[in-house]
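Residues 1 to 393 (UniProt numbering) are what the sequence shown spells out, left to right. This report concerns only the one structure given below.
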Amino acid sequence: MKLQSQIISFMIVFFVISLLATNPAIAAIITVNDNMDADYKSIQDAINNATAGDIILVSPGEYVENVNVNKELTIMSKFGNPENTVVRAASTKDDVFDINANNVTISGFKITSAKTDEYGQDKAGIYFEGGYGLTITNNTITLNNLGIFLMDSRNNTIINNSVNNNRLMGIWLWNSKNNIFEDNNVKSNKNYGILLWETCPNNELSNNTVTNNGEGISVDSGDNCTINNNVVLSNGEGIYVARSDNTTIINNTANSNGRNGIYFVISNDNLIINNTANSNGNSGIYLYRCLNNKLINNNASENRGPSDIYIGKYSRNNVLIGNIAISNNNTDLFIVEPESNTIVTEEPSPSEDIQINDSKNETVPSPGQEVPFPGLAMVIAVFLIAYLCRRIK
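Here you go:
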């Protein structure tokens, strides 16, 4: 993974420099080296003296500063290795990177040490509010209170980052839409791995690995989101979706989580397809107060709660087609209101274990914990890199 990341970052640098060589009017390359063998010694000095559209190329070293980015720039490490190009907060009471411009790229850094300000506000490794076009790629973001925090923002791309061991959140979106999160490793963050909160429609989370967080992937008020091909293991809840309609959950693995593998609350017209949700502490798939959802070809087996697939109270007009639920010590499929839901099996088995219960015997767990464009050259580069990532895999 590290070698792949370094190759990818090197290719970004090569692509950008080659493009500039053929058309130097596009942008300038500004170099940073903490030994002063460059244009500037600090990243902030380079930003202050840059022109919108420039590329800031940072040599290996440790840069102790809080970086304010107030113009369209590409800021990247020279060799694409986050472990040897570290940006550490000079003041732990502020964000490490505070982005105040559109179309910014941050690539190839280890970003660390943002904590809490004097008012008790949690600070982030990368904070972005009210804009669009932010690209965050190939960074290690660790030991902050918040890893990545996007607020009131849209059309951003977060690819191939390691977001780990942050004190509260790994990745947090608040009222943000049309963002892409792909190929990130989100691990051992205290409260949430990935949290979408307060109106976050049309976001796409794909091919992320989310493990050992307080909660895995949590979506609250995230209509029309897509969550696909993620591996979500050993969190509190695995994938938790609340008050979200027309969301697609497809081809995910949500195993060995402390409570449910996939848990939907007050959410309608969603598709839950081809997921694996095995060996979770409660149910593999759980629906509560959910209408008009389709569960198709999921495998929810050997979960440790009362049932592998649980269609709970006030959940109606849901359709279950071709799902696998196999367990030796509990009920495979449990439906509170069977007359209001439809079960379709391609080859019904004589030993199929389906039990019906009235609502007075139902135990309902509480919902999950609540908390309260770059330039043309870089657009081409980022999407080329995303394509190459998939090809390498």
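Where a beta carbon is used, it is the ideal one built from N, C-alpha and C, also for glycine.
Query, Result
"Give the single residue among Gly120, Ala124, Gly108 and Thr105 whose Cα lies nearest to the Cα of Ala114.", "Ala124"
"Whole angstroms is fine: what's the gap from Asn275's alpha carbon to Ile99's?", "36 angstroms"
"Can you tell me the Cβ-Cβ gap for residue 438 and Thr345, rounded? I've got them flagged as a contact below 8 angstroms.", "A query on residue 438 cannot be resolved here, the shown segment of the chain reaching from 1 to 393 and no further."
"In or out: Val64 buried (at least 16 other Cβ within 10 Å) or exposed?", "exposed"
"Per DSSP, what are the beta-bridge partners of Asn213 in this structure?", "For Asn213, which the question treats as bridged, DSSP gives no partner whatsoever."
"Round the Cβ separation of Asn213 and Tyr192 to the nearest angstrom and send it over; I've been treating them as touching at under 8 angstroms.", "6 angstroms"
"Please confirm whether any heavy atom of the ligand SAH lies closer than 6 angstroms to the CB of Lys110.", "This structure lacks the ligand SAH, and indeed carries no ligand of any kind."
"Start and end of the alpha helix (DSSP H) containing residue 394?", "This structure leaves residue 394 out entirely; the chain is present only between 1 and 393."
"Measuring only the C-alpha atoms, how far is Ser279 from Val231?", "14 angstroms"
"Under 8 angstroms by Cβ, that's how I've got Thr137 and Asn160 pegged, so tell me the actual separation to the nearest angstrom.", "5 angstroms"
"Going by C-alpha to C-alpha distance, which of Glu83, Asn246 and Thr92 sits closest to Asp220?", "Asn246"
"Checking the sheet assignment: what are the DSSP bridge partners for Tyr40?", "Val32"
"Gly284 to Thr85, Cα distance in whole Å?", "41 angstroms"
"Taking a contact to mean a Cβ-Cβ separation below 7 angstroms, would you say Leu168 touches Lys190 in this structure?", "yes"
"Give me the Cα-Cα distance between Leu205 and Ile111, rounded to the nearest whole angstrom.", "22 angstroms"
"By how many angstroms is the C-alpha of Gly305 removed from the C-alpha of Asn329?", "9 angstroms"
"Please state the DSSP three-state secondary structure of Ser267.", "coil"
"Note down, in chain order, each residue of its chain lying with its Cβ closer than 6 angstroms to the Cβ of Thr209, except the 5 sequence neighbours on either side.", "Asn185 and Val231"
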